[in-house]
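Asks: Taken in order, the sequence shown gives residues 91 to 366; the numbers are from the working numbering.
Think of the CB as a built atom: it goes at the ideal place given N, C-alpha and C, for glycine as much as any other residue.
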Amino acid sequence: MNRISIPYDPVEGKTYSLFGKSDSTDEYYQRIEEIADRVIKTWKEPEQLLKAIQSKSKRIRVLRIITGRKENSLFNSWLKQLLHEHLDDYTSKAAKHLRNLSLAKKLWDRCQGTTLEQYQLYMLEIEITNRIHVQQFLESGVKIALLPHCLKDFTTECKSTPDSFDYRCRHCSKNCYEHYISRLLTKYHIETYIWMGAGISKKAKEVYSNHQTLGILGIACIPELVWGMRKCRKYHIPVIGLPLDANRCARWMGEFHRNSINLERLEKLISTSGIG
Ligand code: SF4
C-alpha cells in the first residue's frame, strides 16, 4: 500500500456509519466477515444464499412500511438475531430516520426509505457478493471501478476531466480520497472513473465486441451499492464493492460532507481470492 497521508477520522452518517463506536472501521469489517463465515457455513450454497437475502430484504421493506410491524415469519430469527447483535452499532440512526420520513417518501424513495433490517442484510449481501465474484472480477480482461463523486476534496476545484467513458481524476489534491483510490486501483490494472452517470451497457458492449470480459468494482453508500451490484449480477457481470464509511452526501444531509472509505480494506479486497 502506498503511504497514505489523508486523515482517517470517524464520520457520522445520516443512517449508518461503519465506524460504529470505534475510531476505525476495521472492527466493522471483522464483524461482517465473521457473520458471513457463519452464515455460509450454515447455508453452504453462497449463490442460493444471496438470492434468499435479496428476496428477504425486499419483502421486509414493503411489509414494514405498510403494516408498521416486524414480520418474524419472513425473517429467519437466527439470522435476524445475528445481524442485530453484531451490526446494530453501525445502523443506530436508521430506525429514527425512517420514523421521521413521510409515508410517501417511505413508499417511493427506496434509498431514503431503507429500513434497519435492510441495511443489515445489505451489509451481508455486499460481503457475500464480494466473496463469490472477486476471483472472476480479477480475471476479467477489462476491470473498471466506479467511484462516487462525494469522495472528492470539496475544498478545491476538482480538475477531473471526462474521457470516452466518464470522468478521470487528475490528481490535483493530496487531500482527496479519489486521488488515493485511483492511484491504488491503477496499480492493480483497474480503470478508475468518477462516475457521473456514464452508461454501463455501452461500456459492456464495447468490451464484449473486443472479445474481452468485463468486471466492475463499485464504491457507494450501502443501498446504492447493493442495487448496483444486483444489476451487474443480473447481467452476469462479476461485481465487487466497498461501501462508503457513512451516508453523508447532499441527498442525505442537504449538502456534501467529507466522506471516506477504508483504503486498506479496498486493497485487501482486490488482492484476495474469495470463495469461488
Ligand atoms: S484529486 Fe482528482 S478527484 Fe480529487 S479534486 Fe483533484 S482531480 Fe478531483
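1) Candidates Ile280, Lys233, Glu137 and Phe255: which alpha carbon is nearest Thr303's?
2) For Tyr381, report the span of its alpha helix (DSSP H) as first-last.
3) So Leu169 and Ile218 are supposed to be a Cβ contact under 8 angstroms. How far apart are they, rounded?
4) By the 10 Å Cβ neighbour count, where 16 or more other Cβ atoms means buried, how is Leu241 classified, buried or exposed?
5) In its own chain, which residues sit with a C-beta less than 6 angstroms from the C-beta of Ser361, not counting the 5 before and 5 after it?
6) Quick check: Val129 and Leu211, are their CB atoms within less than 8 angstroms of each other?
7) Do Ser263 and ligand 1 come close, with the Cβ less than 7 angstroms from some heavy atom?
8) Write down every uninterrupted run of the beta strand (DSSP E) in the stretch 292-325 whose length is 3 residues or greater and which is fully enclosed by it, in chain order.
9) Rounding to the nearest angstrom, what Cα-Cα distance links Lys259 and Thr132 in this structure?
10) In whole angstroms, what is the alpha-carbon distance linking His261 and Ser250?
11) So, Pro100 versus Asp116, is the Cβ gap smaller than 8 angstroms?
12) Less than 8 angstroms separating the beta-carbons of Lys195 and Phe255?
13) Do Ala126 and Arg221 come within 8 angstroms of each other at the CB atom, strictly closer than that value?
14) In three-state terms, what does DSSP make of Tyr257?
15) Whole angstroms is fine: what's the gap from Asp178's alpha carbon to Gln208's?
16) May I have the straight-line CA-CA distance separating Glu175 from Lys183, to the nearest angstrom?
Replies: A quick look at the data gives this:
1) Lys233
2) The chain is shown from 91 up to 366; residue 381 falls before or after that span and cannot be answered.
3) Actually they do not touch by this definition, with Cβ atoms about 12 angstroms apart.
4) buried
5) none
6) no
7) yes
8) 304-310
9) It should be pointed out that residue 259 corresponds to Cys in this sequence rather than to Lys. Near 43 angstroms, if we compare the C-alpha coordinates of Thr132 and Cys259.
10) 8 angstroms
11) no
12) no
13) yes
14) strand
15) 12 angstroms
16) 16 angstroms
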